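Right, one structure below, let's go through it.
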Amino acid sequence: MTSCASPTSTMFVMRLGGTAMENKSKSFASLNNAVMAAEGAVTTISRVELNLLRKLATAQREKKARILLHGDSGHSLHEMLITHSNGSYIRPHINESSAKSFLVLEGEMMVFFFDDRGGISDRYLLRPEKSGGDFMLRFQNPVFHTLVVMSETVSFLETVLGPHRQTRYAEFAPEPSDRLAVDEYFAWLVCESQK
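Numbering (the working numbering), first residue to last: 393 to 587.
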């Protein structure tokens, strides 16, 4: 007869009757109406959290919501589960000292890279793995970038080194508060995403 050692890992989840026993990995602090931060050493994400982010993102004027999986902004690795709804504007920016990656869980988005003058240097369509297309993008070298949501909503995991002290916003793109300029710039991006 084989003897099984008792599990000691906090990541162990016992399954009974096809459902997971509740664990302490679902604790989030609400930082504002659209941002939550994970609490504790272990965090799990399910359809429940994705649905909540979608609901929050569609209700916000900025059309986005996120869970900071890293919890504290002082951590050296930032992992964020983010949902944007169609029409959200992310001002092009560059993370001066960090690689970055996006992993799409559901929905579609176009990621644009820009040169220093604002010309589009590259674009990448990302959608879930089951679509057969690209679902992950990682870029090692800092580059101005933004994204355009190509579906009703898009949910993705963003990973970047923290803390975010070296993010620079592009002078060639309008500030979010300049709604008229944003509308014009965003219309151009949407048009470019169709090419």
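Note that CB positions come from ideal geometry on N, CA and C, so glycine has one too. Being a predicted model, the structure only gives us computed values, none of them experimental.
Residue ranges of uninterrupted beta strand (DSSP E) with 3 or more members, entirely inside the region 528-581 and ordered along the chain, are 528-531, 536-541, 545-553 and 559-561. Residue pairing from DSSP places residue 512 in a beta bridge opposite 506. For residue 493 and residue 571, the gap between their C-alpha atoms comes out near 29 Å.
Exclusion of the five residues before and after residue 484 leaves 506, 536, 538, 562 and 565 as the residues of its chain whose Cβ lies within less than 6 Å of its Cβ.
The region 475-489 makes contact with the region 430-450, as at least three CB pairs between them are under 8 Å. Under the three-state reduction of DSSP, residue 440 is assigned to helix.
If you draw a straight line from the Cα of residue 553 to the Cα of residue 540, it comes to about 23 Å. In the three-state scheme derived from DSSP, where H, G and I count as helix and E and B as strand, residue 435 is classed as coil. One thing to note: residue 584 has its Cβ no nearer than 8 Å to the Cβ of residue 546.
Relative to residue 560, the option among 573, 511 and 482 whose CA is nearest is 482. Here the alpha carbon of residue 503 sits roughly 6 Å from the alpha carbon of residue 517. Distance from residue 558 to residue 487 at the Cβ level is roughly 6 Å; contact confirmed, criterion being Cβ atoms closer than 8 Å. Nearest in C-alpha terms to residue 519, of all of 512, 498 and 510, is 498. In the DSSP annotation of this structure, the continuous segment of the beta strand (DSSP E) that includes residue 498 starts and ends at 492-498.
Three or more Cβ pairs closer than 8 Å define a contact, and the region 460-468 meets that threshold against the region 420-430. Measuring C-alpha to C-alpha distances from residue 495 to each of 576, 521, 568 and 433 identifies 521 as the nearest.
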